[in-house]
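Taking it in order: structure first as structure tokens, then the write-up.
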Amino acid sequence: MHLAQFNVAHMRAPVDDPLLAEFVAALEPVNTQADAAPGFVWRAIANEDDPEETITHEFGDHLLINYSIWESRDALWNFVYRSPHLAILQRRREWFHRVAEPYTVMWWVEEGEIPSLKEAWNRLTLLRQKGPTPDAFTFKEFYEPNGARG
Amino acid sequence: MDDLAAVAALNDPVRRELYRFVTSKGRPVGRNEAAEAAGVARPLAAFHLDKLVEAGLLEADFARLTEKKGPGSGRPAKVYRRAPGEHVVSVPPRDYRTLALVLAEVVDLLGGDEVAEKAAHRIGARLGAESAAATLPELLAERGYEPYDDAGLLRLRNCPFHVLAQEQPLLVCSMNLSLCRGLLEGRGEPGAPRLDPRPGECCVVFPQENSKTNQS
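For the record, the sequence lines run as chains V and W.
Counting from 9, one number per residue, gives the positions in the first sequence under my numbering.
Counting from 36, one number per residue, gives the positions in the second sequence under my numbering.
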């Protein structure tokens, strides 16, 4: 099984606003690192020719989404927290609003399977409604593919 | 094996030296190399290394230590590295870890990262000023970071806040960076520690100039 992760971030301004400029400038280097990271499988890309273009969706305004698939929890963890991506995460408050509800969700998928964006959104909704379950969970409250608490 | 037994397994100078040597390498270590470093014969080193594995402090594996392949390359050698997991013994019983986890969660829920970073900086500066360590690497070693040189950088092999950093990585890694900046400031040394996280190590690195000026 592979691990899918989907997260949303509420931008403090439209994506082309100067406030977001440094974030947008970091997209290409950080995404390049993700693509080369051990255990990386797939990520949603808006435009192959423009690494700074963000994914369009129907889930709300000023909402930036990030959707990727990894071989394991460790692979995703090491990219998120043990790579230069951490420095970007630490500046999140400069660019994104604090939100009280969960903004990132994980679930297991079959190898080779890429669930739709709509399903990813539904998983986040499930997490928000029911809390962490084997079908929609987080790093902190993690579930193994067999449904056991990680 | 319980924590006390694991820690008690280190109550032997040779074993302690072997443990120190293996864990300082950051890679699997063979028996010959470990025996040489500890200044003991290979069979004795092998005996103690296996005791450390039994105690859960090291883990053993088999690997080819030479590039040679095919006939004549011999059997894979037994190699050792630090086992995951940690062992804490406190007499009388104390549990700062649970409280630290609670407090970290509170800081996170309150969105108090900045305040926490400032506090970490202040406490780092105090610790840095109070320490009798002659050099920055010594101070970092004293604080459990296990520093080592890596191409112009002082890297830290061990994260002293591992459990908390797993639970609240954003908060704890930021606080650790602030603490490290404080340590340096407390020593009255220049330099700019920064984040350069890598799997399995502490997230902070120090530009090497710090240690060099200090040692000269």
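The beta carbon of each residue, even a glycine, is placed where N, CA and C say it ideally should be.
N-terminal and C-terminal residue of the alpha helix (DSSP H) that residue i is part of
i, result
"alanine 81 of chain W", "77-89"
"proline 172 of chain W", "171-177"
"asparagine 55 of chain V", "Taken as a continuous stretch (DSSP letters only), asparagine 55 of chain V belongs to no alpha helix (DSSP H), as it is neither H nor E."
"valine 57 of chain W", "48-60"
"leucine 258 of chain W", "Because chain W in this structure spans residues 36 to 251, residue 258 of chain W falls outside the shown range and cannot be described."
"proline 37 of chain V", "29-44"
"tyrosine 131 of chain W", "131-145"
Residue i (DSSP reduced to helix, strand or coil)
i, result
"serine 65 of chain W", "Strictly speaking, residue 65 of chain W in this sequence is glycine, with serine absent from that position. Looking at glycine 65 of chain W - three-state DSSP - the assignment turns out to be strand."
"lysine 126 of chain V", "helix"
"glutamine 13 of chain V", "strand"
"proline 204 of chain W", "helix"
"leucine 211 of chain W", "Contrary to the premise, residue 211 of chain W reads as asparagine rather than leucine in this sequence. DSSP places asparagine 211 of chain W in helix when its eight states are reduced to three."
"aspartate 231 of chain W", "coil"
"phenylalanine 87 of chain V", "helix"
"alanine 155 of chain W", "helix"
"asparagine 74 of chain V", "strand"
"arginine 99 of chain V", "coil"
"valine 117 of chain V", "strand"
"proline 22 of chain V", "coil"
"aspartate 184 of chain W", "strand"
"alanine 167 of chain W", "coil"
"alanine 72 of chain W", "helix"
"arginine 222 of chain W", "coil"
"threonine 133 of chain V", "helix"
"alanine 40 of chain W", "helix"
"arginine 156 of chain V", "The displayed chain sequence assigns alanine, not arginine, to residue 156 of chain V. Here alanine 156 of chain V sits in coil by DSSP."
"proline 142 of chain V", "coil"
"lysine 148 of chain V", "coil"
Where the beta strand (DSSP E) containing residue i begins and where it ends
i, result
"arginine 51 of chain V", "48-51"
"arginine 190 of chain W", "188-191"
"arginine 117 of chain W", "112-117"
"phenylalanine 97 of chain W", "93-98"
"valine 107 of chain V", "Careful: valine 107 of chain V lies outside any beta strand (DSSP E) and carries neither H nor E."
"valine 240 of chain W", "239-242"
Cross-chain neighbours of residue i in chain V, by beta carbon under 9 Å
i, result
"cysteine 238 of chain W", "Tyr89, Arg90 and Leu94"
Neighbouring residues, chain W, relative to residue i (Cβ below 8 Å)
i, result
"asparagine 15 of chain V", "Residues of chain W passing the Cβ test: none, with the nearest at roughly 13 Å."
"asparagine 74 of chain V", "Correct list: empty, because the minimum Cβ distance to chain W is about 16 Å."
"asparagine 86 of chain V", "Pro234"
Within chain W, the residues that residue i reaches when beta carbons sit closer than 9 Å
i, result
"lysine 126 of chain V", "Under the 9 Å cutoff, chain W gives no residues; its nearest Cβ is about 29 Å from lysine 126 of chain V."
Within chain V, partners of residue i - CB distance below 8 Å
i, result
"aspartate 208 of chain W", "Per the sequence shown, the amino acid found at residue 208 of chain W is cysteine instead of aspartate. Chain V residues near cysteine 208 of chain W: Tyr89, Leu94 and Gln98."
"leucine 230 of chain W", "Leu94, Ala95 and Gln98"
Any non-hydrogen atom of the ligand ATP closer than 6 Å to residue i Cβ
i, result
"threonine 141 of chain V", "With respect to small molecules bound, the structure shown includes none, and the ligand ATP cannot be examined in it."
Contacts of residue i in chain V (Cβ-Cβ under 7 Å)
i, result
"glycine 146 of chain W", "Arg106"
7 Å Cβ cutoff, residue i in contact with chain C
i, result
"proline 37 of chain V", "The displayed structure is made up of protein chains V and W, and chain C is not among them."
Item to check | Residues of the region 89-114 of chain V whose Cβ lies closer than 9 Å to any Cβ of chain W, in chain order | outcome: Identification of residues in the region 89-114 of chain V having a C-beta nearer than 9 Å to some C-beta of chain W yields Tyr89, Arg90, Ser91, Pro92, His93, Leu94, Ala95, Leu97, Gln98, Arg100, Arg101 and Arg106, given in sequence order.
Checklist entry - At a cut of 8 Å, does the region 101-115 of chain V reach the region 126-136 of chain V through at least three beta carbon pairs? => result Touching, yes.
Checklist entry - Per the contact definition of three or more C-beta pairs closer than 8 Å, is the region 121-133 of chain V in contact with the region 97-105 of chain V? => result The way I'd put it, the region 97-105 of chain V doesn't touch the region 121-133 of chain V; fewer than three beta-carbon pairs between them come closer than 8 Å.
Item to check | Residues of the region 186-205 of chain W with Cβ closer than 9 Å to any Cβ of chain V, in chain order | outcome: Residues passing the 9 Å Cβ filter: Ala200, Gln201, Glu202, Gln203, Pro204 and Leu205.
Next on the checklist: Quick test of the definition: if touching needs 3 or more C-beta pairs under 8 Å, does the region 46-53 of chain W touch the region 72-80 of chain W?
Outcome noted: Remark: three or more beta-carbon pairs, one from each stretch, lie closer than 8 Å, so the region 46-53 of chain W and the region 72-80 of chain W are flagged as touching.
Checklist entry - Are at least three pairs of beta-carbons, each pair with one atom in the region 140-154 of chain V and one in the region 33-41 of chain V, less than 8 Å apart? => result The region 140-154 of chain V vs the region 33-41 of chain V: no contact.
Checklist entry - Any chance the region 216-228 of chain W sits against the region 165-176 of chain W, with 3 or more Cβ pairs inside 8 Å? => result Because the criterion of three Cβ pairs below 8 Å is met, the region 216-228 of chain W and the region 165-176 of chain W touch.
Next on the checklist: I'd like to know if the region 117-128 of chain W and the region 178-189 of chain W are in contact, where contact means that at least 3 CB-CB pairs between them fall below 8 Å.
Outcome noted: No, they do not touch.
Item to check | Near-chain W residues of the region 136-158 of chain V - C-beta to any C-beta below 9 Å | outcome: Residues Phe147 and Lys148.
Checklist entry - For the region 206-213 of chain W against the region 143-152 of chain W, are there 3 or more C-beta pairs whose distance is under 8 Å? => result Result yes; three or more Cβ-Cβ pairs closer than 8 Å.
Checklist entry - Is it a yes or a no for the region 75-93 of chain V touching the region 228-240 of chain W, going by three-plus beta-carbon pairs under 8 Å? => result Taking one beta carbon from each stretch, the region 75-93 of chain V and the region 228-240 of chain W have 3 or more pairs nearer than 8 Å; the two touch.
Checklist entry - Do the region 133-148 of chain W and the region 197-210 of chain W make contact, defined as three or more Cβ pairs closer than 8 Å? => result As far as the Cβ criterion goes, the region 133-148 of chain W touches the region 197-210 of chain W, which means the pair count is three or higher.
Next on the checklist: I want to know whether the region 9-29 of chain V touches the region 76-84 of chain V - three or more CB-CB distances under 8 Å.
Outcome noted: Counting Cβ pairs under 8 Å, three or more are found: they touch.
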